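Heads up, the thing below is written out as structure tokens.
There are 2 protein chains.
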Amino acid sequence: MSSVSETKAERIPAAQRREQILDAAAAVFGERGYAGATTDQVAQAAGISQPYVVRMFGSKEKLFCELLLRARQRLEERLSAALARPEVKALDKQGRKQFLGRAYVDLVGEADIVLPLAQGFLLGHDPVIGKYAREGFLVIYRLLRDEGGFTPEEVRDFLAGGMLINTLLTLQMTELYGSDETARELLGCAFGEKIDIVLHDAGTAS
Amino acid sequence: MSSVSETKAERIPAAQRREQILDAAAAVFGERGYAGATTDQVAQAAGISQPYVVRMFGSKEKLFCELLLRARQRLEERLSAALARPEVKALDKQGRKQFLGRAYVDLVGEADIVLPLAQGFLLGHDPVIGKYAREGFLVIYRLLRDEGGFTPEEVRDFLAGGMLINTLLTLQMTELYGSDETARELLGCAFGEKIDIVLHDAGTAS
DNA sequence: GTCTATAAGTGGATAGAC
DNA sequence: GTCTATCCACTTATAGAC
Numbered sequence: 009m010s011s012v013s014e015t016k017a018e019r020i021p022a023a024q025r026r027e028q029i030l031d032a033a034a035a036v037f038g039e040r041g042y043a044g045a046t047t048d049q050v051a052q053a054a055g056i057s058q059p060y061v062v063r064m065f066g067s068k069e070k071l072f073c074e075l076l077l078r079a080r081q082r083l084e085e086r087l088s089a090a091l092a093r094p095e096v097k098a099l100d101k102q103g104r105k106q107f108l109g110r111a112y113v114d115l116v117g118e119a120d121i122v123l124p125l126a127q128g129f130l131l132g133h134d135p136v137i138g139k140y141a142r143e144g145f146l147v148i149y150r151l152l153r154d155e156g157g158f159t160p161e162e163v164r165d166f167l168a169g170g171m172l173i174n175t176l177l178t179l180q181m182t183e184l185y186g187s188d189e190t191a192r193e194l195l196g197c198a199f200g201e202k203i204d205i206v207l208h209d210a211g212t213a214s
Numbered sequence: 009m010s011s012v013s014e015t016k017a018e019r020i021p022a023a024q025r026r027e028q029i030l031d032a033a034a035a036v037f038g039e040r041g042y043a044g045a046t047t048d049q050v051a052q053a054a055g056i057s058q059p060y061v062v063r064m065f066g067s068k069e070k071l072f073c074e075l076l077l078r079a080r081q082r083l084e085e086r087l088s089a090a091l092a093r094p095e096v097k098a099l100d101k102q103g104r105k106q107f108l109g110r111a112y113v114d115l116v117g118e119a120d121i122v123l124p125l126a127q128g129f130l131l132g133h134d135p136v137i138g139k140y141a142r143e144g145f146l147v148i149y150r151l152l153r154d155e156g157g158f159t160p161e162e163v164r165d166f167l168a169g170g171m172l173i174n175t176l177l178t179l180q181m182t183e184l185y186g187s188d189e190t191a192r193e194l195l196g197c198a199f200g201e202k203i204d205i206v207l208h209d210a211g212t213a214s
């Protein structure tokens with residue numbers, strides 16, 4: 009394990025550092041949103057200096073776009089891979105839908121893909137990021153419809169469930185799981201048996 | 009009608025001014041989010057000076073909380089009133105659900121209630137606003153469950169649909185209705201016959 | 001590849017006049 | 001009830017050293 013107290017970051021290849029920053033950025037932007045997060049917070053989370061973050065990506069906006077792109081790609085891969093699996097292909101529609109739903113919840117637990125996406129969806133007003141986010145959303149819609157063989161209404165319902173999950177996460181409703189009965193009921197029926205995944209903030213290991 | 013070019017706002021009662029500011033804030037925060045919006049933008053939208061906005065509400069944060077509270081109350085009233093109507097009570101569950109869905113879309117068209125709420129749901133990390141937003145969400149959940157007589161799963165599905173609508177709005181997906189076939193399909197099946205409501209930004213009349 | 005120093009700009013909030 | 005002036009903190013981005 010790396011020491012926590014080092015004041016200068018070790019010298020590592022740019023490509024690797026890039027990934028580290030993207031991971032850190034996913035966590036920070038995912039929690040605080042684009043406007044609410046600072047490049048300095050990202051830098052601290054990544055263990056480097058703020059100017060280096062900016063230098064690596066050119067600007068805060070470009071960093072966020074990279075993040076959105078990466079998150080979208082991972083989501084695409086995941087859904088695509090799930091739909092391509094033989095056991096899944098063998099299921100009926102209803103079964104495939106449920107399987108996809110669980111795959112989405114899995115994604116939530118593994119890395120900070122979902123949160124940055126959710127934050128991006130709020131930025132429709134931004135000329136650059138908004139365009140990006142809309143396109144990404146539509147890519148996922150088409151993937152589900154075409155590769156999944158679902159009707160528009162079915163895709164809509166699936167997306168709707170995803171948006172509820174996103175909302176509960178960004179709201180940090182999980183904080184109330186232990187103390188509020190209503191929250192527990194809602195979370196339970198939104199996340200199903202996979203509820204445990206979201207119940208503890210998993211510290212991101214490097 | 010009031011002249012647009014006046015450089016000083018006319019002297020009006022504080023209570024009335026308050027409402028104006030809240031209306032303006034709903035539009036600005038709804039579009040740009042809490043962190044992304046400035047008190048100066050709110051002030052300009054309301055036709056007054058930036059310090060006056062701050063003075064009236066104490067701080068940006070308090071203004072936003074007021075906004076959230078007001079939005080929540082209006083949503084509550086609306087849903088509650090809809091559920092209390094005799095024609096609605098006479099409907100079966102499925103019918104009530106559909107009616108509520110349309111009532112929600114109506115709300116989108118009438119005033120800026122939905123957008124600020126949606127933006128608030130992204131602020132779970134904020135100690136003050138997050139608490140507020142979570143509570144509001146749960147209030148609506150309970151209202152639907154108890155006054156509507158729905159099961160948790162039914163309420164979940166209703167809320168999910170609402171979150172999809174929120175997302176499409178904050179994404180400004182409606183911008184693509186005219187130019188992108190996929191977007192048209194998605195919007196069509198998310199908003200149903202009420203799609204017209206969201207297709208033109210209605211300028212807020214005073 | 002990474003940092004320190006810092007410029008330049010923005011935004012929330014306060015003070016006090018009218 | 002409303003404004004002008006202004007302070008101060010914060011944030012992004014640049015320059016240049018190591």
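Each protein sequence line maps, in turn, to chains B and A. With our numbering applied, the first sequence corresponds to residues 9 to 214, in that order. With our numbering applied, the second sequence corresponds to residues 9 to 214, in that order. Note that the Cβ used here is the ideal one computed from N, Cα and C, for glycine as well. Note that the structure is a prediction, hence the values are computed from the model and not measured.
query                                                                                                                                                                                    : result
Could you tell me the alpha carbon to alpha carbon distance between Leu108 of chain B and Ile148 of chain B, rounded to whole angstroms?                                                 : 13 Å
Touch check for the stretch 61-77 of chain A and the stretch 34-44 of chain A: three-plus C-beta pairs under 8 Å?                                                                        : yes
Please indicate yes or no: does the CB of Pro124 of chain B lie closer than 7 Å to some heavy atom of the ligand SAH?                                                                    : The ligand SAH is absent from the structure shown, which contains no ligand whatsoever.
Terminal residues of the continuous alpha helix (DSSP H) containing Leu195 of chain B?                                                                                                   : 189-199
Where does Arg19 of chain A fall in DSSP's three states?                                                                                                                                 : coil
Grab me the residues of Arg82 of chain B's own chain with a C-beta within less than 7 Å of its C-beta, minus the 5 sequence neighbours each way, in chain order.                         : Ile121
Can you check whether the C-beta of Thr212 of chain B is within less than 8 Å of a C-beta belonging to chain A?                                                                          : Confidence in Thr212 of chain B is poor, its pLDDT being 48 and thus under 50, which makes the residue's placement too unreliable to answer from.
When burial is assigned at 16 or more other CB atoms within 10 Å of the CB, is Pro124 of chain B buried or exposed?                                                                      : buried
Could you tell me if Gln102 of chain B is buried or exposed, where buried requires 16 or more neighbouring beta carbons within 10 angstroms of its beta carbon?                          : exposed
Taking C-beta pairs closer than 8 Å, name the residues in chain B that His208 of chain A reaches, listed in chain order.                                                                 : Result: empty, since nearest Cβ-Cβ is about 16 Å, beyond 8 Å.
With respect to the alpha helix (DSSP H) encompassing Phe158 of chain A, which residues constitute its N-terminal and C-terminal limits?                                                 : Careful: Phe158 of chain A lies outside any alpha helix (DSSP H) and carries neither H nor E.
Cβ atoms of Leu177 of chain B and Thr178 of chain A: under 8 Å apart, would you say?                                                                                                     : no
State the CB to CB distance for the pair Leu194 of chain B and Arg164 of chain A, rounded to an integer number of angstroms; the pair is presumed to be in contact (CB under 8 Å).       : 7 Å
Indicate whether at least one CB of chain B lies closer than 8 Å to the CB of Gly103 of chain A.                                                                                         : no
Is the shortest distance between the beta-carbon of Gln127 of chain B and the beta-carbons of chain A less than 8 Å?                                                                     : yes
Would you list, in chain order, the members of the stretch 156-172 of chain B that have their beta-carbon closer than 7 Å to a beta-carbon of chain A?                                   : Pro160, Glu161, Arg164, Leu167, Ala168, Gly169, Met171, Leu172
What's the gap between the Cα of Gly186 of chain B and the Cα of Phe166 of chain B?                                                                                                      : 28 Å
Taking all protein chains shown into account, do 16 or more other C-beta atoms lie within 10 angstroms of the C-beta of Lys16 of chain B, making it buried, or fewer, making it exposed? : exposed
Taking beta-carbon pairs under 7 Å, can you tell me which members of the stretch 122-150 of chain B lie near chain A?                                                                    : Gln127, Phe129, Leu130, Gly132, His133, Gly138, Ala141, Arg142, Phe145, Leu146, Tyr149, Arg150
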